[in-house]
Ligand SMILES: Cc1cc2nc3c(=O)[nH]c(=O)nc-3n(C[C@H](O)[C@H](O)[C@H](O)COP(=O)(O)OP(=O)(O)OC[C@H]3O[C@@H](n4cnc5c(N)ncnc54)[C@H](O)[C@@H]3O)c2cc1C
Ligand SMILES: NC(=O)c1ccc[n+]([C@@H]2O[C@H](COP(=O)([O-])OP(=O)(O)OC[C@H]3O[C@@H](n4cnc5c(N)ncnc54)[C@H](OP(=O)(O)O)[C@@H]3O)[C@@H](O)[C@H]2O)c1
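Residue numbers (our numbering): 54 to 417.
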């Protein structure tokens, strides 16, 4: 089985460090090469759905959801191949700042070698064990990071894994500036350096197999990572056995336009597949709604409330949420009022969506 990768775009960066031999991979003209896929077939394509669920105004019970074959039972999804006692040693190939100089905080995109030994799927995470020791003289514990590349990796050869990492820096109660151990280790990593990798882990955020599905992706900040991975598979890669032909709708919330992550890539996808990809940004410190309220991701979603609610009633709509913990409540709040209009108890309905793997959350 073969897959071709085409079209990658440059990562916006004011300062970047990368191995020069590799920088052509992100050229605006794109790349084009053939590679082998490390995993099994998924179901073949179909046409854009037109199904609409029936609207009921009388039901007070949540409508029953059809149970599907669980993505968590998928054969071939590897978890915990590498554990902290015996991690995989990858090498950093590229590390690029992808937020502007005036952005509040820095986010970096980095690529590590795996030589195909860390076989991950879109939506999984890896652990990273930073170099050095903690204040008790013990090796640092691992931190988890959502994988930001598709299973083929940014170079299309299934031999790399990419991350999108925010540098954590905060002022503690004593007024001291504190730097997060692992995020600073990663953001400072130079090409050529080794990195200890564990995993892969996680099944919650695996992609739906149905290529005609509606996939609604809700990200704040670096919560974009798994969705970049989904979207590369959907729009930048070619597979014999998978052609996305549904609707992918990404909502991304960031503080400033200079912190919009992977914007050029997403715009390129929209150009390539205008009927299959919708893209909405919520830039919290620059935009407001008509009431003058701060534009959070849920504020942007509220502008499409009716449409989103109709989509959510379909059996092949899948919602994924990733990023700040606080976003979950904000999104629940708008869903409560939408569901109530149809006489549906949102929390009960959400429970069913979760059971049917149509509501997938990884927030922190
Ligand atoms: C499944 C999963 C996926 C993740 N994916 C990503 C990802 O893709 N990208 C990403 O950047 N991160 C991601 N994270 C978060 C990541 O694991 C780390 O928690 C993060 O990078 C911080 O780690 P650190 O070692 O730099 O900070 P640490 O040295 O571990 O410090 C963090 C600690 O500092 C304290 N702290 C933090 N902020 C403040 C504050 N403002 N005031 C006071 N105290 C504070 C808290 O006690 C916190 O526990 C993910 C987490 C999970 C669970
Ligand atoms: N799988 C995971 O669990 C996973 C994966 C990746 C990242 N993460 C975590 O996700 C977080 C992302 O942080 P970041 O620093 O990358 O993001 P960021 O760049 O600061 O962007 C976060 C955006 O969300 C907004 N926001 C703040 N509170 C919100 C709320 N209650 N509801 C909706 N939006 C809200 C922020 O607005 P204002 O700042 O203007 O208020 C900002 O626009 C980190 O904590 C990271 O560790 C988790």
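Note that beta-carbon positions come from the ideal geometry of N, C-alpha and C, so glycine has one too.
Counting of Cβ neighbours within 10 angstroms places residue 275 among the buried residues, the total reaching 16 or more.
As computed with DSSP, residue 397 is found in no beta bridge at all. Excluding its 5 nearest sequence neighbours in each direction, residue 353 has C-beta neighbours in its own chain below 7 Å: 304, 333 and 335, listed in chain order.
Excluding sequence positions up to five before and after residue 412, its CB lies within less than 6 Å of the CB of 372, 403 and 406, all in the same chain and listed in chain order. For a cut-off of 8 Å, the C-beta gap from residue 254 to residue 132 is around 6 Å, short enough to register as a contact. Straight-line measurement puts the Cα of residue 195 at about 30 Å from the Cα of residue 311.
Between ligand 2 and residue 367, a heavy atom-to-CB distance of less than 7 Å is absent. The three-state secondary structure of residue 290, taken from DSSP, is strand. In the structure shown, the three-state DSSP call for residue 244 is coil. Within its own chain, the residues whose Cβ lies closer than 6 Å to the Cβ of residue 364, once the five positions on either side in sequence are excluded, are 267 and 370, listed in chain order. By a beta-carbon distance limit of 8 Å, residue 300 does not contact residue 281. Their separation comes to about 18 Å. Listed as beta-bridge partners of residue 269 by DSSP are 302 and 372. Nearest C-alpha to residue 128 among 174, 162, 258 and 165: 174. In this structure, residue 171 sits away from residue 223, with a CB-CB distance that is not shorter than 8 Å.
Rounded to the nearest whole angstrom, the C-alpha separation of residue 181 and residue 140 is 9 Å. In terms of Cα proximity to residue 204, the closest of 260, 158 and 251 is 260. In this structure, the beta-carbon distance from residue 164 to residue 207 falls below 8 Å. Nearest in C-alpha terms to residue 214, of all of 252, 229 and 362, is 252. In this structure residue 356 does not touch residue 387 by the C-beta definition: roughly 10 Å separates them, more than the 8 Å allowed. For the set 343, 337 and 408, the Cα lying nearest the Cα of residue 380 is the one of 337. No Cβ-Cβ contact shorter than 8 Å links residue 216 with residue 156. Those residues having their beta-carbon less than 7 Å away from any non-hydrogen atom of ligand 1 are, in chain order, 178, 183, 196, 197, 198, 199, 201, 216, 217, 218, 219, 221, 223, 225, 231, 233, 234, 235, 236, 237, 255, 275, 278, 415 and 417. In this structure, residue 234 lies away from residue 242, with their beta-carbon atoms at least 8 Å apart. DSSP places residue 355 within a helical segment (H, G or I) once states are collapsed to three. The beta carbon of residue 340 sits no closer than 7 Å to any heavy atom of ligand 2.
For residue 308, the closest alpha carbon among the candidates 244, 159, 344 and 327 is that of 159. Residue pairing of residue 220 in beta bridges, as defined by DSSP: absent, with no partner found.
Residue state for residue 201 is assigned as coil, using DSSP reduced to three classes. The closest CA to that of residue 237, considering only 361, 346, 395 and 220, is found on 220. Residue 187 counts as exposed, since fewer than 16 other beta carbons sit within 10 angstroms of its beta carbon.
Nearest C-alpha to residue 286 among 340, 239, 202 and 145: 202. If you check the CB distance, residue 284 and residue 319 come in under 8 Å. Spatial neighbours of residue 273 in its own chain (CB-CB distance under 7 Å, excluding positions within 5 residues in sequence) are listed in chain order as 306, 350, 376, 377 and 380. In the structure shown, residue 337 falls within a coil segment according to DSSP collapsed to helix, strand and coil.
Nearest neighbour of residue 384 by Cα position, chosen from 395, 315 and 269, turns out to be 269.
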